[in-house]
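Participant: Please see the structure below; I have some questions.
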Amino acid sequence: MNFLEIKNLSVKIQDKIIINDFNLTIAQGEIHALMGPNGSGKSTLAYVLAGKPEYEIMHGEIYFEGKDLLALSPQMRSLQGLFLAMQYPVDIPGLNNSYFIKAAVNAHRKTHGLQEIDAVDFLDAIKSKLALLNMPESLLHRALNDGFSGGEKKCNEILQLLMLEPKLAVLDETDSGLDIDTLKIVANAIKMHANPNRSTLIITHYQRLLNYIEPDKIHIMIDGKIVESGDKSLAHKLESQGYSVYGK
Ligand SMILES: Nc1ncnc2c1ncn2[C@@H]1O[C@H](COP(=O)(O)OP(=O)(O)OP(=O)(O)O)[C@@H](O)[C@H]1O
Ligand SMILES: [Mg+2]
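For what it's worth, my numbering labels the leading residue of the sequence shown as 1, then goes sequentially.
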């Protein structure tokens with residue numbers, strides 16, 4: 001069974017077609033990378049997968065483990081195992097970061113018939129992930145992303161990934177804005193999370209991250225559709241040629 005299957009998806013916002021007859025299939029355990037010029041529709045696709053409401057789905061279908069994803073609320077998509085690390089994580093002043101992550105973890109546990117996580121166990125678990133990501137513990141006690149640096153916000157998305165252990169992770173430019181050492185740390189965390197039961201869709205502009213995480217497939221998206229798919233050599237080709245060969 002295909003893990004994620006996007007068929008003939010077209011999406012518009014305010015009369016502008018942004019995703020145009022888009023097709024993509026990701027099998028369980030695979031890592032795919034989606035690349036493409038600014039404005040080609042990558043984040044829109046990520047938001048449509050997560051269920052951000054303002055998009056008009058003109059036609060097409062999305063199946064996640066055989067289920068009709070578009071029929072599910074954003075909450076249900078998350079509880080079914082879909083996770084989006086946002087390109088621009090949102091600040092929520094007044095919402096404690098640790099409380100937010102714990103509430104999300106508990107909502108997922110409840111869905112799987114598990115008891116709420118014990119406060120001590122939660123702290124142990126999250127502190128080990130913080131250490132892995134080289135993040136200061138103080139970030140746990142602050143409001144979600146409020147005043148976080150660009151890199152701290154990206155790391156906090158990966159912290160959530162590690163705590164929630166989703167079946168399908170969509171990572172929208174998680175590598176953008178990370179320093180060289182943090183990029184390696186985040187790449188290792190993503191690699192550690194990936195396993196034969198979990199799939200990953202990495203949206204990125206740079207070959208750099210893909211040097212650490214070797215994707216099974218790379219897709220080039222232009223004007224809302226995939227114009228070429230291939231192996232990791234495609235990222236090298238892009239790095240040297242840019243998008244001009246695609247008429248951009
Ligand atoms: N709410 C909106 N109203 C109008 N246009 C929008 C809206 N949201 C997205 N768009 C447009 O859709 C197009 C695709 O945007 P999107 O953010 O998906 O691109 P992207 O491929 O992620 O680009 P980048 O690499 O710069 O992140 C852009 O031209 C953008 O301006
Ligand atoms: Mg984007």
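Every residue gets a Cβ at the ideal spot worked out from N, C-alpha and C, and that includes glycine.
When burial is assigned at 16 or more other CB atoms within 10 Å of the CB, is S43 buried or exposed?
Facilitator: buried
Participant: Following a CB-centred definition, is S199 positioned closer than 7 Å to any heavy atom of ligand 1?
Facilitator: no
Participant: According to DSSP, is M86 helix, strand or coil?
Facilitator: In this structure, M86 counts as coil in the three-state DSSP scheme.
Participant: Beta-carbon within less than 7 Å of A189's beta-carbon, same chain only, minus the 5 sequence neighbours each way: which residues are those?
Facilitator: L132, L133, I158, L162
Participant: Compute every distance between the C-beta of I222 and the non-hydrogen atoms of ligand 1, then say whether any falls below 7 Å.
Facilitator: It does not: the Cβ of I222 is nowhere closer than 7 Å to a heavy atom of ligand 1.
Participant: Taking the alpha carbon of P93 as the reference point, which residue from D181, H141, A33 has its own alpha carbon closest?
Facilitator: Nearest neighbour of P93 by Cα position, chosen from D181, H141, A33, turns out to be H141.
Participant: What is the chain-ordered set of residues for which the beta carbon lies under 7 Å from any non-hydrogen atom of ligand 2?
Facilitator: Spelled out in chain order, the answer is K42, S43, Q87, D172, E173, I203.
Participant: Short of 6 Å in beta carbon distance, which residues of its chain neighbour R77, apart from the five on each side in sequence? Order them along the chain.
Facilitator: Setting aside the 5 residues that flank it on each side, R77 is surrounded in the same chain by G51, each with a C-beta closer than 6 Å to its C-beta; the list follows chain order.
Participant: Just mark K225 as buried or exposed, buried being the case when its beta carbon has 16 or more other beta carbons within 10 Å.
Facilitator: buried
Participant: Out of E56, L34, E239, point me to the one whose CA is closest to D15's CA.
Facilitator: E56
Participant: State buried or exposed for M86, treating a residue as buried only when at least 16 other CB atoms are found within 10 Å of its CB.
Facilitator: buried
Participant: E173 to G242, Cα distance in whole Å?
Facilitator: Between E173 and G242, the C-alpha separation is close to 18 Å.
Participant: Taking the CB atoms as reference points, tell me whether G41 and M221 lie closer together than 8 Å.
Facilitator: In this structure, M221 lies closer than 8 Å to G41 by Cβ.
Participant: In the DSSP assignment, find the beta strand (DSSP E) that holds F100 and state where it starts and stops.
Facilitator: That residue, F100, is in no beta strand (DSSP E); its alpha helix (DSSP H) goes 97-111.
Participant: How is K129 classed by DSSP in three states: helix, strand or coil?
Facilitator: helix
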